[in-house]
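The opening residue of the sequence shown carries number 1 in full-length UniProt numbering; numbering runs sequentially from there. Idealized CB from N, CA, C, for every residue including glycine. Quick caveat: nothing in here was measured; it's all calculated off a predicted structure. Everything below concerns the one structure shown next.
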Amino acid sequence: MEMVRDLKETGLEGITMVGRPKSPLLENGIVLNGKWEILEHLATGGKGDVYLAHQISLERDVVVKTISSEFLAEFSHPHEIQTEIQRFHREATAMAQVKHPHVAQVYDHDSATITRNGVEVTVHYLVMEYIPGLTLRGTMTAEGFGDNEDALINWIRQYFLPTLDGIAAVHELGIVHRDIKPENVLLDGSIPKITDFGIAGSLHWKPLTRSHHVEGTIQYMAPEQFTDLGKTDARGDVYALGKILYEAIVGKMGRETACPLRGVCLASPQTDLLKQLDLLIQKATAEDVTQRIASVKEFKEAVDRCLPSPRTDLLKKLDLFVEKGTEEDKAGRIAAVKEVKEAVEAVLADSGEFAVLGKRSESGWGRRHRKAIIALAVLLVVGFIGFNLYHYLGMIKEHPSLSQPVVADRSSTLSSESADGPAAIALERHIPITIKGPDGECILHLIPEGEVTLPESFGAKAGQVVKVPSFYMNEAPVTNTDFVRFLNKILPELRVEQETVRRGDIILLMLGEVIKGYEPIVFRDGKFVLNNEVFALRPVLRVTGYGASTYAQFYGERLPTELEWLRLMRTDAGAATKPPAE
């Protein structure tokens with residue numbers, strides 16, 4: 001039985017099986033056993049239905065899965081019907097035994113009697129946590145990561161290794177899943193959670209068999225599972241996970257690439273990483289179970305060894321960062337910032353020390369890589385214009401009396417060095433020192449005109465002194481609340497795809513965790529919301545340059561130019577408007 005997002009993604013939502021009722025068994029408002037109020041039918045699968053429900057006692061939303069009477073009626077023998085009912089309740093038993101962050105929680109399983117069309121019907125159900133995200137399938141591109149090693153490494157670290165951790169925890173309890181596939185790994189934000197233990201088995205359980213019937217998904221099914229489900233052990237799950245890793249690299253399995261019940265390998269791996277992963281894929285999907293990797297734990301450790309250490313990866317990207325940090329092309333600088341940001345996060349997550357770079361900078365490591373660290377610091381301050389790593393979205397309000405930057409005229413007397421600075425300019429040009437933004441709430445302050453010396457990144461113009469005319473600057477950063485409000489105002493123009501918020505083909509915002517444990521904005525129930533009200537007034541993060549520009553334009557403002565940012569970095573000009581220090 002497929003889970004909520006699986007059915008929606010594959011287009012099965014609302015489709016009924018031949019011989020099944022056209023409407024769901026449970027109507028909205030029905031309360032099962034005085035505990036679970038049905039709110040909405042979400043999907044229909046091969047064995048029953050999935051509903052969004054509400055736990056009355058704890059006031060939380062949950063998912064209720066049912067096994068349908070029509071499905072049970074397809075079996076002619078009472079023993080087979082009882083077997084399916086037992087299998088359904090064993091799914092709850094299996095999931096309830098596992099307490100792990102990467103395994104979906106089960107809260108209850110039971111049966112209830114309802115009346116439908118004047119007839120009493122027994123409903124068998126299980127209740128589990130509501131996970132509104134996509135599935136692992138949504139993180140895997142149709143064409144595969146191929147030789148895009150950075151994307152592949154990130155995917156393995158963020159999604160695949162945690163999934164292996166979850167399955168390893170399941171195996172430690174003697175439970176074998178036996179139906180692992182991308183659709184059975186739900187995403188709670190960016191956290192993978194394994195679900196759908198409908199055909200799980202355990203050495204501690206009495207075997208459940210049904211003659212002439214194969215359980216599982218053929219693309220991920222080990223050969224021994226096809227011939228005898230009851231004898232499939234943990235190595236059957238290793239096979240399925242090997243197939244998933246293979247699929248992540250080569251793309252979604254089709255007729256020519258699925259190779260059901262057979263071992264797989266990469267066609268022509270070119271890099272050291274792909275060659276190492278290819279060997280692991282071959283060992284994980286070996287048709288002879290005795291030649292297969294023995295456990296998921298062993299598989300995970302082997303995959304982890306293939307990856308560069310987070311620090312090695314960071315140093316490699318810092319070298320690239322030094323090269324890109326002074327490029328004239330903004331896109332190159334933006335890409336460099338994003339890559340380094342992800343690498344820094346990986347190091348922090350690996351070490352558990354949020355001050356790791358600060359500590360390293362005082363050590364021998366810091367001295368050896370001083371150039372890279374300085375480049376990182378400079379780009380985090382100046383290059384943030386593209387990716388907002390400075391935790392700040394500065395906006396500028398145009399004023400008729402303010403002109404564009406021009407080459408400095410040393411004879412000019414009206415500048416920030418004047419006695420009264422902003423006040424002098426305001427008096428001279430009859431313009432206010434502060435103005436309100438178009439929303440009537442944000443306050444913008446006058447930044448006096450002044451001179452800046454162009455840095456080396458300006459190429460042939462480096463060293464030239466340029467006058468930057470006066471402009472107005474926001475006094476406060478754009479908060480998570482501000483950006484959520486903005487996104488919902490243009491919601492019809494947006495789509496959420498693989499944790500990115502897009503307007504057309506342009507990415508405005510990256511969803512997911514900013515750092516471990518901090519995910520301020522989520523897309524839930526068709527709208528953007530704060531994940532926690534505590535995050536409301538914190539500066540918005542992970543906004544792209546396009547997102548920042550779109551936000552500013554929406555409110556009749558714009559982002560600062562590079563020259564204006566250089567002007568702001570001068571203490572006398574930007575003291576009141578600088579982004580707050582972290």
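Open item on the list: Measuring straight from C-alpha to C-alpha, what distance separates Cys-259 and Lys-283?
Closed with: 15 angstroms
Task: Any chain B beta carbon closer than 8 angstroms to Leu-136 - done: In the displayed structure, chain B is absent; only one protein chain is listed.
Open item on the list: Measuring only the C-alpha atoms, how far is Tyr-546 from Leu-508?
Closed with: 6 angstroms
Open item on the list: Using CA atoms only, rank isn't needed, just tell me which of Arg-116, Gly-254, Leu-307, Leu-261 is closest to Leu-280.
Closed with: Leu-307
Open item on the list: Within a Cβ cutoff of 8 angstroms, which residues of the same chain sit near Val-406, ignoring the five residues on either side of it in sequence?
Closed with: Because Val-406 sits at a pLDDT of 35, beneath the cut-off of 50, its placement in the model cannot be relied upon, and the following sentence gives the value as read from the coordinates. Around Val-406: Val-466, Lys-467, Pro-469.
- [ ] Specify, as a first and last residue, the run of the beta strand (DSSP E) that Thr-113 falls within.
- [x] 106-116
Open item on the list: Whole angstroms are fine: how far does the CA of Asn-154 sit from the CA of His-89?
Closed with: 36 angstroms
Task: Continuous beta strand (DSSP E) assignments of at least 3 residues falling wholly in the segment 24-86 - done: 36-44, 48-55, 60-67
Open item on the list: Within 10 Å of its beta-carbon, does Trp-565 have 16 or more other beta-carbons around it, so buried, or fewer, so exposed?
Closed with: buried
- [ ] Using 10 angstroms around the beta-carbon of Gln-225, count the other beta-carbons present and answer buried if the total reaches 16, otherwise exposed.
- [x] buried
- [ ] Determine the closest residue to Ile-515 out of Tyr-555, Leu-187, Leu-541, with distance taken between C-alpha atoms.
- [x] Leu-541
TODO: Could you name the residues that DSSP lists as bridge partners for Phe-523?
DONE: Phe-528
- [ ] May I have the straight-line CA-CA distance separating Ser-416 from Met-473, to the nearest angstrom?
- [x] Its pLDDT being 35, under 50, Ser-416 is placed unreliably by the model, and the measurement read from it follows with that caveat. Using only the alpha carbons, I get a separation of about 15 angstroms.
TODO: Flag this pair as yes or no: are the beta carbons of Val-245 and Phe-145 separated by less than 8 angstroms?
DONE: Val is not the amino acid found at residue 245; the sequence shown has Leu there. No, the Cβ-Cβ distance between Leu-245 and Phe-145 is not below 8 angstroms.
Open item on the list: Using CA atoms only, rank isn't needed, just tell me which of Val-64, Ile-506, Gly-166 is closest to Glu-37.
Closed with: Val-64
Open item on the list: Using the three-state DSSP reduction, which class does Leu-454 fall into: helix, strand or coil?
Closed with: coil
- [ ] Count the other C-beta atoms from every protein chain shown that fall within 10 angstroms of the C-beta of Gln-158, then say buried if there are 16 or more, exposed otherwise.
- [x] buried
Open item on the list: If contacts are defined as beta-carbon pairs under 8 angstroms, then Gly-512 and Ser-111 qualify, I think. What distance do you get, rounded to the angstrom?
Closed with: Contact doesn't hold; Cβ gap of about 39 angstroms is too wide.
Task: Val-250, enclosing beta strand (DSSP E) - first and last residue - done: Where Val-250 is concerned, there is no enclosing beta strand (DSSP E), although the alpha helix (DSSP H) it sits in stretches over 234-250.
TODO: May I have the straight-line CA-CA distance separating Ser-211 from Met-221, to the nearest angstrom?
DONE: Note that Ser-211 has pLDDT 42, beneath the 50 cutoff, so the model's placement of it is unreliable and no number is given.
Task: Tyr-125 burial status per 10 Å Cβ neighbour count (16 or more: buried) - done: buried
- [ ] Would you mind stating whether Pro-132 and Arg-524 have Cβ atoms separated by less than 8 angstroms?
- [x] yes
Task: Backbone CA spacing between His-109 and Met-128 [nearest angstrom] - done: 9 angstroms
Open item on the list: Buried or exposed for Leu-173, going by 16 or more other Cβ atoms inside 10 Å?
Closed with: exposed
TODO: Can you tell me which of the three DSSP states Pro-539 falls into?
DONE: strand
Open item on the list: Suppose you measure from the CA of Pro-182 to the CA of Leu-134; what does that come to, to the nearest Å?
Closed with: 10 angstroms
TODO: Give me the Cα-Cα distance between Glu-298 and Phe-75, rounded to the nearest whole angstrom.
DONE: 40 angstroms
Open item on the list: Just to confirm, is the Cβ distance from Ile-167 to Ala-94 under 8 angstroms?
Closed with: no
Open item on the list: What would DSSP say about Phe-486, mapped onto helix, strand or coil?
Closed with: helix
- [ ] Can you tell me which of the three DSSP states Asp-278 falls into?
- [x] helix
TODO: Mind reading off the beta-carbon distance from Arg-305 to Val-238? Whole number of angstroms is fine, and I expect it under 8 angstroms.
DONE: Actually they are not in contact, since the Cβ atoms of Arg-305 and Val-238 sit about 16 angstroms apart, beyond 8 angstroms.
- [ ] Answer with buried or exposed for Arg-235, where buried requires no fewer than 16 other C-beta atoms within 10 angstroms of its C-beta.
- [x] buried
- [ ] Enumerate in chain order the residues of its own chain whose CB-to-CB distance from Ala-169 is below 7 angstroms, with the five nearest sequence positions on each side excluded.
- [x] Val-98, His-100, Val-103
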